[in-house]
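Numbering-wise, this note's numbering comes out as the position in the sequence shown, counting from 1, plus 123.
Cβ coordinates follow ideal geometry from the N, Cα and C atoms, glycine included.
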Amino acid sequence: MEIARTRAELDALTGPARAQGMIIGYVPTMGALHDGHLSLVRMAREEADLVGVSVFVNPTQFAPHEDFDAYPRQEEHDLSLLEREGAAFVFLPSRDELYADGYESAVAPGPAAEGLESDFRPHFFGGVVNVVYRLFSAVRPDIAVFGEKDFQQLQVIKEMVAAQGLPIRIAGGPIVRDAHGLALSSRNAYLSPEELRVARTLNQVLYDAASSIRNGEAPDYVCAGAAQSLVDHGFASVDYVAERWDRVLAAAWLGKTRLIDNVPAI
Ligand code: PAF
């Protein structure tokens, strides 16, 4: 497994493969890797000849009061997991490498970014589309795989790629859950044992809501009930429970940790 820290090093790794007509697969991450990320690498390997992963904790998608400084960083461990998973290269850019021209935005998020996450993290998708655009222009993949846990993010990226006319196929990887149904997330590491117990009720509340919607109950009514149910189970507060893209999506807080999840509604 090769490591590239600059665009020039990356080009030296991917150029010959591209020249030979190999399909390049790519999984962008912020590190603190878990089985969810590794499942995306596996998916990419099924569809591509050469798979690369980037690890970059992107400052522009965190608001000043959010957990950028505390975000878990474990480079050595991440690299050993990726080596075992058969990644061919890892891109580890510095801030200056990726934002050599400063933080000026090149692209804007489209309509999929409206509502849900944007109501509570208005800076988020602007930061995401710009870093992903920059990462794509550095890696130049044929296929990129994103986790469905960030379902709205996946829609926003698909829109951005279509709007910019980028020749990249975007694939969504299914959510990976623990034995209790909790969606794997780097932020689960913040949870106390009691918070973890409560966190594990989130998926069940969403599955119940999805089943009520399938049985013909009004989505708005069901989602309001699900939000109340999360509070009853011990969540400190709920940013949203909503139905969109045939999914029931939620964001809720446990202490200082914000969890998101979604399940199919059809
Ligand atoms: O989903 C993530 O980990 C991040 O939002 C991403 C896509 C790597 C951009 O920083």
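- In the structure shown, the three-state DSSP call for residue 282 is helix.
- Excluding its 5 nearest sequence neighbours in each direction, residue 252 has C-beta neighbours in its own chain below 6 Å: 230, 232 and 283, listed in chain order.
- DSSP lists 372 as the beta-bridge partner residues of residue 385.
- Rounded to the nearest whole angstrom, the CA to CA distance from residue 236 to residue 255 is 15 Å.
- For ligand 1, the residues with a Cβ under 7 Å from any of its heavy atoms are, in chain order, 151, 152, 153, 179, 181, 184, 251, 254, 255, 269, 270, 273 and 276.
- Per DSSP, the unbroken beta strand (DSSP E) holding residue 148 starts and ends at 147-152.
- Using a Cβ distance threshold of 8 Å, residue 193 and residue 124 do not count as a contacting pair.
- A straight-line Cα-Cα distance of about 35 Å links residue 315 and residue 293.
- Residue 272 is classed as buried because its beta carbon has at least 16 other beta carbons within 10 Å across all chains shown.
- For residue 196, the three-state secondary structure derived from DSSP is coil.
- Taking C-beta atoms as the reference points, residue 188 and residue 307 fail to come closer than 8 Å.
- Residue state for residue 336 is assigned as helix, using DSSP reduced to three classes.
- Going by DSSP, residue 175 is part of the beta strand (DSSP E) stretching over 173-178.
- When secondary structure is reduced to three states using DSSP, residue 320 falls in the helix class.
- Where residue 362 is concerned, the enclosing beta strand (DSSP E) starts and stops at 360-367.
- Beta bridge pairing from DSSP links residue 130 with no other residue.
- Per DSSP, the unbroken beta strand (DSSP E) holding residue 213 starts and ends at 212-214.
- Between the alpha carbons of residue 219 and residue 164 lies a gap of roughly 26 Å.
- Apart from sequence neighbours up to five positions away, the residues of its chain that approach residue 133 with a beta-carbon distance below 7 Å are 127, 214, 261 and 262, ordered along the chain.
- Here residue 366 is buried: its Cβ has 16 or more other Cβ atoms, across all protein chains shown, within 10 Å.
- Partner residues in the beta bridge of residue 270, as assigned by DSSP, are 296.
- Note on residue 332: 16 or more other CB atoms within 10 angstroms of its CB, so buried under the neighbour-count rule.
- Fewer than three pairs of CB atoms, one per stretch, sit closer than 8 Å, so the segment 333-344 makes no contact with the segment 293-305.
- Going by DSSP, residue 354 is part of the alpha helix (DSSP H) stretching over 342-356.
- Two segments are said to touch when three or more pairs of C-beta atoms, one from each, lie closer than 8 Å; by this definition the segment 320-330 touches the segment 344-359.
- Excluding its 5 nearest sequence neighbours in each direction, residue 247 has C-beta neighbours in its own chain below 6 Å: 184 and 240, listed in chain order.
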